[in-house]
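So the protein sequences, as listed, match chains A and B.
Residues in the first sequence are numbered from 12 upward in steps of one, following my numbering.
Residues in the second sequence are numbered from 136 upward in steps of one, following my numbering.
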Amino acid sequence: MTRISRRGLLRSGAAAGVLAASGLPIRAQEARRGGRLVVGLSGANTSDSWDGRTHSDVFMVSAGQGGVFDSLTEVAADGSLVGELATDWEASADAKVWTFNLRQGVSFHNGKPFGADDVIESLQLHVAEGAKSGAAPLVSPITEMKKLSEHQVQFTLAEGNADFPYLMSDYHLLIYPAGQIEEAIAQGIGTGLYRVQSFDPGVRFVGTRVDSHYKDGQAGWFDEIEYIAINDNTARMNALLTGQVDAINRIDFKTEQLLRANPAVRIQEVTGNQHYTFPMLTNSAPFDDPNVRRALKHGINRQEMLDKILFGHGSVAADSPIGPANQYMADLEPIPYDPEKARYYLKQAGLDSIDVNLSASSAAFEGAVDAAQLYQASAASGGININVVQEPADGYWSNVWIKKPWCASYWSGRATEDWMFSNAYEEGVPWNDSQWDAEDNARFQQLLIEARATLDSGLRREMYGEMQQILRDEGGVIIPMFANWVQAVSNKIATPDTIGNLWQMDNSRLAERWWMA
Amino acid sequence: MSAPVGQGDFTSGDTARRKDVPNVFAIILQRLLLGLLTLFVVSIIIFAAVNMLPGDFAQVILGQGATPEATEAIRRDLGLDRPVVLRYFEWLGGALQGDLGRSFAQANFASFVGADAAGGTTVLQQIAPRFANTMFLAGVTAAIAVPFAVGLGILAALYRNTVFDKGTNVFALTSISSPEFFLAYVLILFLAVLNPILPSLSNIYAGMSLGERLERSLLPALTLTLVVTAHMMRMTRAAIINLLASPYIEMARLKGMTPMRVIVRHALPNALAPIINVIAINLAYLITGVVVVEVVFVYPGIGQLFVDAVKTRDIPVVQACCLIFAAAYIVLNLVADILSILSNPRLRHPR
């Protein structure tokens with residue numbers, strides 16, 4: 012298992028520019044050019060395209076941001092933020108105005124030179140009339156995008172956001188050539204290390220290394236890459252075992268032993284921000300009572316769930332969505348499994364026992380129904396009678412999630428604390444799956460706004476620490492565990508010591524960072 | 136039966152031939168019309184069934200992000216907010232003019248980009264390459280399976296009730312009784328993992344040489360061969376054995392012909408009709424029923440597309456796939472009937 016170093020201190024504000032200017036992290040010395048990488052990836056669909064706004068799964072993220080296209084910034088494997096198409100950036104004191112210096116001498120695959128217009132036009136795609144981009148919440152707070160020079164852009168935000176450069180590393184925010192965006196989306200024209208050789212949506216992508224690139228010597232070692240869409244778990248494993256692909260994502264834990272037994276293959280495992288949750292609606296009885304929520308938290312056996320549902324491939328969580336791939340993860344003790352305490356808190360709520368429905372379906376996460384049944388068994392001795400309701404997987408997110416008072420769910424996590432909180436814990440946002448608001452805890456909402464515009468990293472650590480503690484003690488979401496990203500790589504391929512844990516397959520940048528052994 | 140050929144037979148044969156030409160055509164025409172009716176009914180059933188499934192395209196595609204506004208926006212863009220009946224007749228109108236519409240996924244993508252419908256892919260364009268792949272796999276399988284099964288059937292009839300016959304039967308019945316994915320994995324185990332002769336991935340793509348394509352599709356083709364052999368082989372065997380008791384076979388035997396010649400020259404032609412029928416049904420299965428095998432071998436055929444489309448409730452694609460499947464059955468059955476008629480003089484000359 013690869014250890015992940017915590018994100019550096021030089022993260023926010025003007026300081027980030029210093030790190031970025033120093034370029035990408037130094038590669039292991041033995042990395043060399045050449046060879047062909049063949050990967051079997053899940054998450055492909057016949058409706059896939061080069062439109063970054065539609066990217067949501069590992070296949071297109073690896074082919075898009077990890078191959079053909081670049082973004083302004085990049086989260087390095089160790090979690091630090093480095094420049095990609097931007098070289099450095101600085102913020103005004105209130106974190107409202109951000110100026111990005113763009114890389115010079117970069118050109119698109121069709122020869123068009125890269126400049127400020129490309130950035131502005133590409134970002135505007137996400138807030139265009141009628142566009143349904145997954146990144147719209149990231150771009151819409153920008154009130155003005157100004158081209159200061161050919162290689163300098165200035166963004167003005169509606170309110171200060173210290174994480175803004177981080178948001179620009181999102182995999183939706185790909186940079187297209189201005190004025191040719193439709194063509195670029197149709198054919199896949201970016202500034203990335205690999206140009207599209209052939210792309211068959213839902214089937215296969217082949218990319219050829221561009222002759223010269225600004226990442227030369229630091230990334231992009233393969234001459235050619237091929238991604239094969241293999242959505243079936245067993246087929247993916249077979250392909251790796253028979254040597255037809257060099258790496259696969261998402262291992263089936265049940266057959267993991269077979270892979271471990273094969274000497275030509277190694278398993279790569281990192282703990283990231285992906286977490287499984289049981290959100291309850293804090294505005295509906297009985298979950299509106301903090302004592303009931305606390306009782307439920309004492310009723311869950313986190314370690315058992317981790318061992319039985321994830322086969323140990325994860326880590327126990329403390330009801331906070333801030334994970335090991337975040338910078339300010341607080342070192343919180345999870346609320347322990349204790350039926351007596353559960354009873355005690357039920358008494359505090361004026362109850363002897365409680366009957367609650369828990370909706371679950373495999374749509375939430377694999378094994379969600381089993382997890383709910385484990386919960387049912389462990390909670391019973393604390394006077395909590397959970398009735399597990401099996402919901403159909405079809406329409407789960409529309410009909411059950413945030414509709415039923417208590418259900419199973421998952422989050423892939425976010426790169427920054429603010430991003431995560433403002434997606435799922437800020438008052439009034441659409442994905443606030445516990446209806447968590449100022450009525451539940453005014454301090455939390457106030458800290459959320461305050462921390463967002465704070466550039467000082469020590470202060471932010473304090474604020475985010477307090478917020479995580481509030482969530483653990485009073486929050487409406489039970490988060491028993493973080494799930495690891497588990498993937499397998501053939502020994503023909505070498506990988507750096509540190510593997511990105513933000514997203515599977517080395518943050519989907521395997522084609523940039525790995526090389527032939 | 137070898138009736139003496141005389142003058143009278145010639146004339147009656149001539150008049151019969153004049154009659155039977157329109158006869159075969161009438162059958163074809165009648166079958167085609169029935170086929171169209173079947174397609175129509177199938178399309179109604181599919182449209183209704185897909186609409187009755189919980190969750191629609193907008194909800195599925197948005198997943199966790201299905202806010203009421205976003206769902207409404209997509210529904211409006213795709214016209215999903217209009218009544219089902221109206222949508223069905225619009226689709227039918229288009230289909231009658233050869234326009235199967237645009238896939239929701241593609242249309243949704245176009246609205247993302249802000250492009251109009253012009254540049255996108257139609258359902259037809261989307262299905263055509265996948266269908267060609269499926270036909271290729273079906274063709275390879277048929278080329279292996281039909282001679283193999285019929286040959287085995289003949290041999291089994293020839294050596295009926297021997298160890299060979301029983302062994303073949305057990306083998307064929309075992310393979311047809313095992314689930315396809317199991318057969319596929321057994322073949323992968325023996326031919327790809329333990330003895331790496333064939334690739335376990337059958338991802339063929341445009342620009343591949345024919346030889347490479349054949350190599351890649353061999354494992355799925357062998358799997359499918361195992362699945363379809365039993366049916367065809369046993370029908371061949373039964374049909375031939377059925378005829379072996381006939382007087383004309385006895386006559387042939389008494390003339391001193393070798394058993395092999397008796398079966399191939401005299402029994403087989405008369406047993407063709409049922410064999411052709413079974414072959415047709417199995418060929419149709421090769422086109423419509425290979426979803427599982429395609430998934431196991433990651434073969435980019437129409438089955439995978441179909442599963443994807445059902446998962447996302449992409450009605451235009453589902454409809455088009457179903458129509459193709461239904462049409463495959465109808466056409467192959469029609470061909471089987473015509474071949475049966477042509478192979479059987481008694482059906483060719485009805486009195």
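Glycine residues also receive a C-beta, built at the ideal position from the N, C-alpha and C atoms.
Everything numeric in this text was worked out from a predicted model, so none of it was measured.
query, result
"Near-chain B residues of the region 144-159 of chain A (beta-carbon distance less than 9 Å), N- to C-terminal order", "Ser144 and Gly145"
"With 16 other Cβ atoms within 10 Å as the buried cut-off, status of glutamate 385 (chain B)", "exposed"
"CB contact below 8 Å: glutamine 454 (chain B) versus chain A", "no"
"Residue-chain proximity (arginine 215 (chain A), chain B), Cβ-Cβ < 8 Å", "yes"
"Span of the alpha helix (DSSP H) around asparagine 396 (chain A)", "Premise fails: asparagine 396 (chain A) lies in the beta strand (DSSP E), 395-401, not in any alpha helix (DSSP H)."
"Beta-ladder partner(s) of histidine 286 (chain A), from DSSP", "A:Trp422 and A:Phe493"
"Per DSSP, the bridge partner or partners of asparagine 112 (chain A)", "A:Asp99 and A:Gln163"
"8 Å Cβ cutoff, asparagine 273 (chain A) in contact with chain D", "Structure shown: chain D not included; protein chains present are A and B."
"Beta-carbon proximity list for valine 285 (chain B), same chain, < 6 Å, skipping 5 on both sides", "Thr371"
"Closest residue to serine 372 (chain A) among A:Lys415, A:Val117 and A:Gly393 (Cα-Cα distance)", "A:Lys415"
"Interface positions of the region 316-341 of chain B facing chain A (Cβ-Cβ less than 7 Å), listed along the chain", "Ile323, Ala327, Val328, Pro331, Pro334, Ser335, Leu336, Asn338 and Tyr340"
"Bounding residues of the beta strand (DSSP E) (the contiguous stretch that carries valine 470 (chain B))", "Unbroken run through valine 470 (chain B) is the alpha helix (DSSP H), 450-478; no beta strand (DSSP E)."
"Residues near glutamate 132 (chain A) by beta carbon distance below 6 Å, same chain, minus five either side", "Ala189"
"Where leucine 252 (chain A) meets chain B, residues with beta-carbon distance less than 9 Å", "Ala327, Val328 and Ser335"
"Proximity winner among B:Asn296, B:Gly214, B:Phe432 and B:Pro264, relative to glycine 342 (chain B) (alpha-carbon distances)", "B:Pro264"
"Contact list for glutamine 255 (chain A) against chain B, beta-carbon separation under 7 Å", "Pro334, Ser335 and Leu336"
"Residue environment, phenylalanine 224 (chain B), which counts as buried when at least 16 other CB atoms sit within 10 Å", "exposed"
"Under 9 Å from the C-beta of aspartate 211 (chain A): neighbouring residues of chain B", "Pro264, Tyr340, Ala341 and Pro435"
"Where serine 312 (chain B) falls: helix, strand or coil (DSSP)", "helix"
"Inter-residue Cα distance where the pair is cysteine 456 (chain B) and alanine 341 (chain A)", "53 Å"
"Counterpart residues of valine 49 (chain A) in DSSP-defined beta bridges", "A:Glu237"
"Sub-8 Å separation of serine 73 (chain A) and leucine 52 (chain A) beta-carbons", "yes"
"Residue from A:Glu140, A:Ser389, A:Gln163 and A:Arg43 with nearest C-alpha to glycine 126 (chain A)", "A:Gln163"
"Beta-carbon gap between glutamate 280 (chain A) and asparagine 495 (chain A) smaller than 8 Å", "yes"
"Whole-number beta carbon distance between valine 428 (chain B) and glutamate 121 (chain B), since they are thought to touch under 8 Å", "Residue 121 (chain B) cannot be examined here, being either before or after the span of chain B that is shown, 136 to 486."
"Three-way DSSP call (helix, strand, coil) for glutamate 267 (chain A) in this model", "helix"
"Per-residue contacts from glycine 190 (chain B) into chain A (C-beta, under 7 Å)", "Asp405, Gly406 and Ser409"
"Where alanine 382 (chain A) meets chain B, residues with beta-carbon distance less than 7 Å", "Going along chain B, no residue has its Cβ under 7 Å from alanine 382 (chain A), so there is no contact; the nearest lies around 18 Å."
"Isoleucine 37 (chain A) versus glycine 231 (chain A): straight-line alpha-carbon distance, rounded", "Only weak support exists for where isoleucine 37 (chain A) lies, its pLDDT of 45 falling under 50; the value from the coordinates is given anyway. Cα to Cα, the separation comes out at about 13 Å."
"Rounded separation between aspartate 181 (chain A) and glutamate 344 (chain A) - CA only", "31 Å"
"Beta carbon proximity, glycine 206 (chain B) to chain A, threshold 8 Å", "Here residue 206 (chain B) is threonine; the residue named in the question, glycine, does not match the sequence. Yes, its Cβ sits closer than 8 Å to a Cβ of chain A."
"Beta-ladder partner(s) of arginine 277 (chain A), from DSSP", "A:Val500"
"Three-state secondary structure (DSSP) of alanine 183 (chain B)", "helix"
"Closer than 8 Å to chain A by CB, aspartate 216 (chain B)", "no"
"Segment contact, 8 Å Cβ cut-off, at least three pairs: the region 207-226 of chain A with the region 148-163 of chain A", "no"
"Beta carbon of leucine 324 (chain B) nearer than 8 Å to that of leucine 333 (chain B)", "no"
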